[in-house]
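A.B. asks: Quick one: the structure is below, questions incoming.
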Amino acid sequence: MKKYKPYIVSALIALAVGGLSAIATNGNMDIYSEIAVPPLSPPTLVFPIVWSILFVLMGISSGKIFVSHTMGNKAACPALTVYAINLAVIFFWSILFFNLRAFLFSALWLVLLITIIIVMIVKFHRIEPWTAWLQIPYLLWCCFALYLNAAIYVLN
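Taking the numbering used here as reference, the numbering of the sequence shown is continuous, increasing by one, and the terminal residue is 160.
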């Protein structure tokens, strides 16, 4: 069990960031049903399921990077810093989108997030390639989210 602890704790941290972000929206997620949405918009039930999976994948891969850090890998600290910045940026996206309804700004925020994810993937890959591969679904989902967000801005 001890060898799995960093992965479990890291996954719980990522899930906590997602959960706190959802709480911070204070019930404003219902605006998704009130606004015009683009083609390919999934049902609202899909979002929490996908995000939960993505947060677990982020946690598992960051757990491995943390283990590398504890073993003295000097590249792990900058990678974990980028990961922490990523968590902060994703936390604030939902507040920008749902609470402030700043659709254009939140789309631009997603461009920032996607850039950070790419940097994170590169840094993770240099340490342990499989950890970078676990971030690919997250990158693709955020690109899809950018499509949705930009289209919502245009439609509303």
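Note that the Cβ used here is the ideal one computed from N, Cα and C, for glycine as well.
Model, not experiment: these values are computed from the prediction.
Please classify I125 as buried or exposed, where buried requires at least 16 other C-beta atoms within 10 Å of its C-beta.
C.D. replies: Under this definition I125 is a buried residue.
A.B. asks: Which residue's Cα is closest to the Cα of A111: I122, E38, W97 and V123?
C.D. replies: Nearest option by C-alpha distance: W97.
A.B. asks: Going by C-alpha distance, which of P42, S37, R105 and P10 is nearest L49?
C.D. replies: Nearest of P42, S37, R105 and P10 to L49, Cα basis: S37.
A.B. asks: What's the gap between the Cα of I35 and the Cα of G76?
C.D. replies: Roughly 47 Å between the two C-alpha positions.
A.B. asks: Identify whether T48 lies in helix, strand or coil by the three-state DSSP scheme.
C.D. replies: Note: T48 maps to coil in three-state DSSP.
A.B. asks: Could you tell me the distance, in whole angstroms, from the CA atom of K68 to the CA atom of Y151?
C.D. replies: Whole-angstrom Cα-Cα distance: 31 Å.
A.B. asks: What number of angstroms, rounded off, separates the C-alpha of H73 from the C-alpha of A79?
C.D. replies: The straight-line gap from Cα to Cα measures roughly 8 Å.
A.B. asks: Suppose you measure from the CA of I131 to the CA of L58; what does that come to, to the nearest Å?
C.D. replies: Cα-Cα distance, rounded: 20 Å.
A.B. asks: Could you check which residue in S56, S66 and K7 has the C-alpha nearest to that of H129?
C.D. replies: Taking only the C-alpha atoms, the option nearest H129 is S66.
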